[in-house]
Structures are given as structure tokens and as C-alpha cells.
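Residue numbers (the numbering used here), protein chains in the order written: chain H, 642 to 824; chain P, 2 to 129.
Even for Gly, the Cβ is constructed at its ideal location relative to N, Cα and C.
Notes to accompany the following structure.
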């Protein structure tokens with residue numbers, strides 16, 4: 642379906658781009674939020690990414706999926722915007738190995754709380770790990786596609802993903818514990 | 002790290018919840034109005050591009066006529082033959098050099114689409 646609208650845009654029908662915006666706006670925002678950790682900046686990055694996408698759509702050769710190509714634009718735009726706005730890259734130093742992995746009591750949490758919790762946890766983990774998780778699980782991308790979007794090497798992506806899984810479990814447990822302690 | 006597959010992973014259940022809805026209702030409209038603005042400016046830039054080509058061709062013809070006319074004047078004048086040749090050569094070199102320089106710019110303008118996009122983007126950023 643994307644291909645059809647891309648062809649229309651390339652043929653001069655700029656209104657067809659609205660379909661792509663509608664389809665990918667939430668994912669664009671989610672990816673941007675993973676990297677910027679700031680709602681306003683993420684919105685700006687999403688906006689800029691769509692404009693960048695529109696301007697360079699003629700360069701899309703269809704070798705990879707449109708989504709993969711577009712997510713790469715978002716990642717690059719996010720890094721560029723953060724550099725421009727001098728956003729500091731601080732990696733959180735959570736004691737990964739100090740906390741035992743526990744089974745998350747998923748059943749005990751109602752849907753909305755789970756959503757808030759997972760997003761809160763994603764805000765607390767480092768940018769690259771948050772990005773890796775969102776791309777890998779949300780879009781069910783393969784490792785190769787993940788590497789294509791982020792320019793990481795295969796082994797690097799594996800390590801980041803592994804750390805991300807571990808860290809998010811720890812953060813989720815921590816958040817749940819706090820929640821229950823407060824309750 | 003033993004498996005990188007999507008199956009058999011507890012995060013499979015949780016992570017789909019991490020898709021965040023964009024908090025702005027009119028995001029799509031904003032992007033589309035920005036694109037409309039880009040298209041409108043592009044049309045303006047294309048017009049400028051067309052004028053550039055027309056003026057380049059006009060200057061090419063005018064330059065040729067001017068060189069031809071100057072040569073005629075020099076032939077009819079009483080100055081020495083060596084000086085005449087020198088002047089002729091000098092005016093022709095200038096003419097050719099100008100053609101080379103400007104045709105290079107014109108070809109770049111015709112070919113490069115990115116140039117137009119960048120100009121449109123730059124002017125939009127300036128406005129913001």
C-alpha cells in the first residue's frame with residue numbers, strides 16, 4: 642500500500658503524502674521519543690523527519706521497506722536535532738547485574754497502567770536501548786533491519802538489545818515495587 | 002543473548018503497549034500545510050530557474066553578437082594588426098570563459114533537485 646502512495650507523491654500528487662503521515666506519525670513520534678526523551682523535541686523531530694522524507698522521497702529506491710528507510714531518517718534527524726539543540730547524551734548507569742531478574746506480575750496490572758509503566762521504563766533506560774526495543778518489538782524488525790536503521794554492527798545491535806531487555810526488566814521491577822510500596 | 006527471535010519473549014506482550022500516540026491532534030494537517038508551502042515555494046524556484054535559463058541563452062546570443070560587432074569595428078579601425086589580434090583574442094577568451102562558468106552553474110541548477118529542496122527549506126527556516 643505504501644508503494645502506491647509513494648508513486649502518487651512522486652508523480653506530483655503531494656496530497657497522497659497525507660496517507661504516509663497518518664500511517665507513520667505515531668511510530669515516528671515513538672522512535673523520536675526514545676531518542677530525545679522529550680515530548681516537544683520528539684514532536685519536532687517527527688515533523689522534520691516527514692519533511693525530510695518528502696524532500697528525499699525520490700531517493701527511495703525500494704530496496705528495503707519504506708518503513709526501514711523512513712525510520713533511518715527519523716533516527717538521523719533526532720541525532721541532528723539533539724546536536725543542534727545541544728541535548729546532552731547521558732547514559733544511565735543502572736546496576737544491571739545487582740538486581741535479580743524477577744517475573745513481572747503482568748496480570749496484576751491493568752492495561753492503562755501497563756502502558757504508562759512501560760513508557761516510563763523506556764524513558765528511564767538509555768536512548769539506544771529504548772530505540773532498539775521499540776524497533777525490535779514494536780515493529781518486529783529483524784536484526785539486519787535494526788542495523789540498517791541505526792548503523793550499528795550486528796554484534797553491537799545484539800549487545801544493545803540484550804542489555805536493553807535486561808535493563809527494562811530491572812526498571813519495570815523497580816517501578817512496580819515503588820508502586821506497591823506506595824499502595 | 003542466546004536468542005534474538007521475537008517468539009518466546011515476555012517483552013512481546015508488553016512492548017506493543019509502548020507505541021505512543023502523537024499528542025497533537027492536528028499533526029497531519031501541520032505537516033501537510035508545511036509540504037504545501039514547500040510546493041508553493043518550489044514553483045517559485047522553478048520559475049526563477051526558467052528565467053535563469055532564458056537569460057543565459059539571451060546573454061549567449063548577445064555576447065556572440067557583441068564579439069562579432071567588436072571584431073568588425075576593430076577591423077575597420079586604424080590600430081595596428083598585432084594589437085587588433087590581441088584584442089580579438091582577449092575578447093574571445095573572456096566570452097568563452099564566461100560561457101564555461103555560467104553553463105556550469107546552469108547545468109548544476111538543472112540537474113540538482115536537492116539544491117531546490119535546500120533553498121526552499123532554508124527560506125522556510127529563515128521565516129520561522
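>> My output table needs one value for residue 674 of chain H: the three-state DSSP class, helix, strand or coil.
In response: In the first chain, the residue the question calls residue 674 of chain H occupies position 33. Of the three classes helix, strand and coil, the one that applies to residue 674 of chain H here is helix, per DSSP.
> Pairing CB atoms from the stretch 9–29 of chain P with CB atoms from the stretch 667–676 of chain H, are three or more of them under 8 Å?
Replying inline: yes
>> Let's test the definition: count the other Cβ atoms within 10 Å of the Cβ of residue 759 of chain H and tell me whether it reaches 16, buried, or not, exposed.
In response: As a working mapping, residue 759 of chain H is identified with position 118 in the first chain. Buried is the call here.
> With DSSP run on the structure shown, which of helix, strand or coil describes residue 722 of chain H?
Replying inline: Taking the first chain and counting its residues from 1, the one referred to as residue 722 of chain H is at position 81. Helix, per DSSP.
> Do the CB positions of residue 789 of chain H and residue 721 of chain H come within less than 8 Å of each other?
Replying inline: As a working note, residue 789 of chain H is residue 148 in the first chain. As a working note, residue 721 of chain H is residue 80 in the first chain. Cβ atoms of residue 789 of chain H and residue 721 of chain H: not closer than 8 Å.
> residue 706 of chain H lies in the alpha helix (DSSP H); which residues open and close that run?
Replying inline: Residue numbering aside, residue 706 of chain H sits at position 65 when the first chain is read from its first letter. Where residue 706 of chain H is concerned, there is no enclosing alpha helix (DSSP H), given that its DSSP letter is neither H nor E.
> Considering only residues of the same chain and omitting the five flanking positions on each side of residue 761 of chain H, which have a CB-CB separation below 7 Å?
Replying inline: Translated into positions along the first chain, residue 761 of chain H becomes position 120. Counting only Cβ-Cβ distances below 7 Å, and skipping sequence neighbours, we find 816.
> For the stretch 693–714 of chain H, which residues have a CB atom closer than 8 Å to at least one CB atom of chain P, in sequence order?
Replying inline: Cβ contacts with chain P come from 695, 696, 697 and 699.
> Start and end of the alpha helix (DSSP H) containing residue 22 of chain P?
Replying inline: Mapped onto the second chain, residue 22 of chain P falls at position 21. Per DSSP, residue 22 of chain P belongs to no alpha helix (DSSP H) and is neither H nor E.
> Measuring CA to CA, which of H/807, H/651 and H/756 is closest to residue 701 of chain H?
Replying inline: Within the first chain, the letter at position 60 stands for residue 701 of chain H. The shortest C-alpha separation from residue 701 of chain H is found at H/651.
>> Please report whether the beta-carbon of residue 50 of chain P lies at a distance below 8 Å from any beta-carbon of chain H.
In response: Numbered from 1 along the second chain, position 49 holds the residue referred to as residue 50 of chain P. Judged by the 8 Å Cβ criterion, residue 50 of chain P is not in contact with chain H.
> Roughly how many angstroms separate the alpha carbons of residue 662 of chain H and residue 32 of chain P, rounded to a whole number?
Replying inline: Reading the first chain from its first residue, position 21 is the one you call residue 662 of chain H. Reading the second chain from its first residue, position 31 is the one you call residue 32 of chain P. Roughly 8 Å separates the two Cα atoms.
> Who are the neighbours of residue 687 of chain H on chain P, taking C-beta pairs under 8 Å?
Replying inline: Position 46 of the first chain, counting from 1, holds the residue named residue 687 of chain H. Those within 8 Å of residue 687 of chain H in chain P are 23 and 28.
>> So if I threshold CB-CB distances at 9 Å, which residues from the stretch 69–87 of chain P count as touching chain H?
In response: Taking 9 Å as the upper bound on Cβ-Cβ separation, chain H lies near no residue of the stretch 69–87 of chain P.
> Looking at the structure shown, is residue 774 of chain H part of a helix, part of a strand, or coil, going by DSSP?
Replying inline: If you number the first chain from 1, residue 774 of chain H lands on position 133. Helix at residue 774 of chain H.
> residue 92 of chain P CB to nearest chain H CB: under 8 Å?
Replying inline: Here residue 92 of chain P refers to the residue found at position 91 of the second chain. No, because no Cβ of chain H sits closer than 8 Å to the Cβ of residue 92 of chain P.
>> Beta carbons nearer than 8 Å to chain B: which residues of the stretch 642–665 of chain H have them?
In response: Looking for chain B here will not work: the only protein chains present are H and P.
> Closest Cβ-Cβ distance between residue 36 of chain P and chain H: below 8 Å?
Replying inline: Residue numbering aside, residue 36 of chain P sits at position 35 when the second chain is read from its first letter. Answer yes: the Cβ-Cβ gap between residue 36 of chain P and chain H drops below 8 Å somewhere.
> Closest by CA to residue 766 of chain H, which one among H/644, H/808 and H/698?
Replying inline: As a first step, residue 766 of chain H is located in the first chain; it is residue number 125 there, counting from the start. Comparing Cα positions, the closest option is H/808.
>> Taking only three categories from DSSP, how would you classify residue 80 of chain P?
In response: Numbered from its first residue, the second chain carries residue 80 of chain P at position 79. Note: residue 80 of chain P maps to coil in three-state DSSP.
> Residue range of the alpha helix (DSSP H) that residue 647 of chain H falls in?
Replying inline: As a working note, residue 647 of chain H is residue 6 in the first chain. Its alpha helix (DSSP H) spans residues 643–651.
> Going along chain P, which residues have a C-beta under 9 Å from residue 676 of chain H?
Replying inline: Position 35 of the first chain holds residue 676 of chain H. Ordered by position in chain P, no residue passes the 9 Å Cβ test against residue 676 of chain H, which lies about 13 Å from the chain.
>> Does residue 111 of chain P come out as helix, strand or coil in the three-state DSSP assignment?
In response: Here residue 111 of chain P is taken as the residue at index 110 of the second chain, counted from 1. Looking at residue 111 of chain P - three-state DSSP - the assignment turns out to be helix.
> the stretch 760–782 of chain H: which residues have C-beta closer than 8 Å to a C-beta of chain P, in chain order?
Replying inline: 760, 763, 774, 775, 777, 778, 779 and 781
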